[in-house]
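Structure first, then comments.
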């Protein structure tokens, strides 16, 4: 477990927003994630990649925030891809039945290729 | 007569108390001391201290020792009076002649001692005996008791030599009766006169619970000081155990640390019993493992078990009520205390009034005040045998197993405030604890998540004014146990109702996953309520795949 202060950074790659949550994903940090995604959704972006490579720990409130993003994208027929997840994170999402509501890729570039190929 | 006692050199760590009691007669004579109530957990050596004091005074000449044990006394008033009176006369003569046999021969009628009394010129004692026999002839209950209780005072006044009166298990005197139990309350207050006498310091032992009530008696208030006998320190406890083993000719294995002795908490009775168990079990080169084996025998079938059974029988003689008491005690051990009301009635299986009477007996006996691991193991064993019908051998093995694996356990405790991100401190702690026992880092992530969820639940929902979460981590080679406790609102199992993700999305309800995760991650999740506290016990079995190879 790294002691990283949570923060969210992002970038736009074509019509895809790539989000980088860092640190412990809980209620407060989860809200920042929702806000960050909301900004892109507000601008008409419907494809979002969340790169979890820097997320070391999560709690159920953080997970519920992720569910919020899934719901927001569903409402606009958008797509969410999750990448670079640890086995722990992936198993946790699986355990809760979340995995079937997202596209999971080992690395960010795979998700970008998938989205750019227009398969979503 | 209490001359049969352990060698003085094995009577450790009571030098201060012994010296004080030795000088008590002089202190009382100068109004600098009074009577002493020896307080201490059962087995702490109160009776032994009286016996040591008795032996010392017996072979000196300055103070007459008189010892009377209510533990074995017949509490019917007339029997008691005769026993107490003749007991004193015999011990007095024995002391005067320095002939232990006089005190030991309880069957010899007082008439036969008359020549000895005459030869010593104790004419006042002959008067006392004649007076007492006159009360017996007249069947005068009250005067028999008064005459018995006051004979040491008369002896002190006539001879000018102080008499130190040692009353062991004195609380039983509260139950003295005339012809049927409970028909003569307050006879104990007749000791007041004797206690007030400046030539007769009294040293009393008994249950604190019972004696607190006795000392509120007007005639006894303010005349008694308490002397607490604490446990032996670790090093002396080990030294005493080794000394007992040496006397019993049981050798210790070279380098045996005897760490397990700590469980006895420096209680001399337990230490002696355990040494005797080693001898009975014919141990040769005594090891740490032998210690656990002997201990399991002791709390199941040994002298310690017999001792506690006797205490049970004394306070609750009825067999079915004793079973109910056992259930209540087991409940108390498992839940860390007694709650009130309907639940206890349910546990005991008796009515409200009977349950209350048993609780009262437990309070008076003092057994629920004693946070004593040996006593708790005795209760576990008795419960398994008497309530669950298990064989003594099985029970013994169960206790052995418990401690053999516990020998390799580590415990950590942590208290966190109910504040933002405090759960991360817990996550960090479990990470380090896991590293200490070489757990796989991936596996640790799951443990962290489960713990975080329980802590968040406590922080968010308990409404605790205390604003603290208490955590205990117990690691064993095969198991990790985490206990999380907090005050406040009880945990509701409703929050465990499972809602599928689709439903959550449809209803806009995103929360309520915490305990689903906890249950999925841990092998066992127990939620208990103890008074105003919620306790969550998480257990994860550790198999090879969770350990770094």
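Chains as they are written, first to last, in this note's numbering: chain A, 356 to 475; chain B, 28 to 576. Ideal Cβ positions, reconstructed from N, Cα and C, are used throughout, including at glycine. Just so you know, these numbers come straight off a predicted model, no measurement behind them.
C-beta neighbour in chain B for residue i, strict 9 Å
{"i": "residue 418(A)", "result": "yes"}
{"i": "residue 446(A)", "result": "yes"}
{"i": "residue 428(A)", "result": "no"}
{"i": "residue 388(A)", "result": "no"}
{"i": "residue 383(A)", "result": "yes"}
Residue range of the beta strand (DSSP E) that includes residue i
{"i": "residue 336(B)", "result": "Note, residue 336(B): premise wrong, no beta strand (DSSP E); alpha helix (DSSP H) at 330-342."}
{"i": "residue 94(B)", "result": "91-96"}
{"i": "residue 405(A)", "result": "402-406"}
{"i": "residue 227(B)", "result": "It is not in any beta strand (DSSP E) - residue 227(B) carries neither H nor E in the DSSP assignment."}
{"i": "residue 192(B)", "result": "190-195"}
{"i": "residue 66(B)", "result": "62-66"}
{"i": "residue 487(B)", "result": "Note, residue 487(B): premise wrong, no beta strand (DSSP E); alpha helix (DSSP H) at 468-488."}
Within chain B, partners of residue i - CB distance below 9 Å
{"i": "residue 406(A)", "result": "Going along chain B, no residue has its Cβ under 9 Å from residue 406(A), so there is no contact; the nearest lies around 18 Å."}
Counted within 10 angstroms of its Cβ, other Cβ atoms place residue i as buried (16 or more) or exposed
{"i": "residue 187(B)", "result": "exposed"}
{"i": "residue 281(B)", "result": "exposed"}
{"i": "residue 66(B)", "result": "buried"}
{"i": "residue 73(B)", "result": "buried"}
{"i": "residue 335(B)", "result": "buried"}
{"i": "residue 99(B)", "result": "exposed"}
{"i": "residue 177(B)", "result": "buried"}
{"i": "residue 379(B)", "result": "exposed"}
{"i": "residue 152(B)", "result": "buried"}
{"i": "residue 415(A)", "result": "buried"}
{"i": "residue 578(B)", "result": "No statement about residue 578(B) is possible, as the shown extent of chain B runs from 28 to 576 and does not include it."}
{"i": "residue 540(B)", "result": "buried"}
{"i": "residue 399(B)", "result": "buried"}
{"i": "residue 87(B)", "result": "exposed"}
{"i": "residue 94(B)", "result": "buried"}
{"i": "residue 376(A)", "result": "buried"}
{"i": "residue 150(B)", "result": "exposed"}
{"i": "residue 571(B)", "result": "exposed"}
{"i": "residue 569(B)", "result": "buried"}
{"i": "residue 442(B)", "result": "exposed"}
{"i": "residue 179(B)", "result": "buried"}
{"i": "residue 384(A)", "result": "buried"}
Sequence-distant residues of the same chain with beta carbon closer than 6 Å to residue i, five excluded per side
{"i": "residue 500(B)", "result": "439, 460, 509"}
{"i": "residue 147(B)", "result": "123"}
{"i": "residue 253(B)", "result": "64, 66"}
{"i": "residue 108(B)", "result": "171, 172, 175"}
{"i": "residue 489(B)", "result": "513, 515, 516"}
{"i": "residue 430(B)", "result": "319"}
Under 7 Å by beta carbon: chain A residues contacting residue i
{"i": "residue 479(B)", "result": "414"}
{"i": "residue 469(B)", "result": "442, 443"}
Close-in-space but distant-in-sequence residues of the same chain around residue i (CB under 8 Å, 5 per side omitted)
{"i": "residue 381(B)", "result": "348, 351, 375"}
{"i": "residue 471(A)", "result": "369, 371"}
{"i": "residue 372(B)", "result": "378, 379, 382"}
Closer than 8 Å: residue i CB and nearest the ligand HEM heavy atom
{"i": "residue 220(B)", "result": "The model depicted lacks the ligand HEM and carries no ligand whatsoever."}
Endpoints, alpha helix (DSSP H) assigned at residue i
{"i": "residue 372(A)", "result": "Element bounds for residue 372(A): not the alpha helix (DSSP H) but the beta strand (DSSP E), 371-380."}
{"i": "residue 362(B)", "result": "346-362"}
{"i": "residue 168(B)", "result": "168-186"}
{"i": "residue 550(B)", "result": "Taken as a continuous stretch (DSSP letters only), residue 550(B) belongs to no alpha helix (DSSP H), as it is neither H nor E."}
{"i": "residue 272(B)", "result": "261-274"}
{"i": "residue 420(A)", "result": "415-430"}
{"i": "residue 145(B)", "result": "141-147"}
{"i": "residue 254(B)", "result": "Element bounds for residue 254(B): not the alpha helix (DSSP H) but the beta strand (DSSP E), 251-255."}
{"i": "residue 164(B)", "result": "150-164"}
{"i": "residue 463(B)", "result": "449-463"}
Interface flag, residue i vs chain A, CB-CB below 9 Å
{"i": "residue 568(B)", "result": "no"}
{"i": "residue 451(B)", "result": "yes"}
{"i": "residue 475(B)", "result": "yes"}
{"i": "residue 472(B)", "result": "yes"}
{"i": "residue 464(B)", "result": "no"}
{"i": "residue 483(B)", "result": "yes"}
{"i": "residue 446(B)", "result": "no"}
Closer than 9 Å at the beta carbon, the chain A residues around residue i
{"i": "residue 541(B)", "result": "414, 415, 416"}
Same chain only: Cβ atoms within 7 Å of residue i, ignoring 5 sequence neighbours per side
{"i": "residue 314(B)", "result": "280, 283"}
{"i": "residue 400(A)", "result": "370, 372"}
{"i": "residue 105(B)", "result": "168, 171"}
Closer than 8 Å at the beta carbon, the chain B residues around residue i
{"i": "residue 451(A)", "result": "528, 540, 543, 544"}
Chain D residues whose Cβ lies nearer than 7 Å to that of residue i
{"i": "residue 547(B)", "result": "Looking at the structure shown, chain D is missing, and the protein chains on hand are A and B."}
Chain-ordered neighbours of residue i on chain A, where CB pairs are closer than 8 Å
{"i": "residue 507(B)", "result": "By Cβ distance, chain A contributes nothing, its closest Cβ being about 17 Å from residue 507(B), past 8 Å."}
Chain-ordered chain B contacts of residue i [CB-CB under 7 Å]
{"i": "residue 379(A)", "result": "451"}
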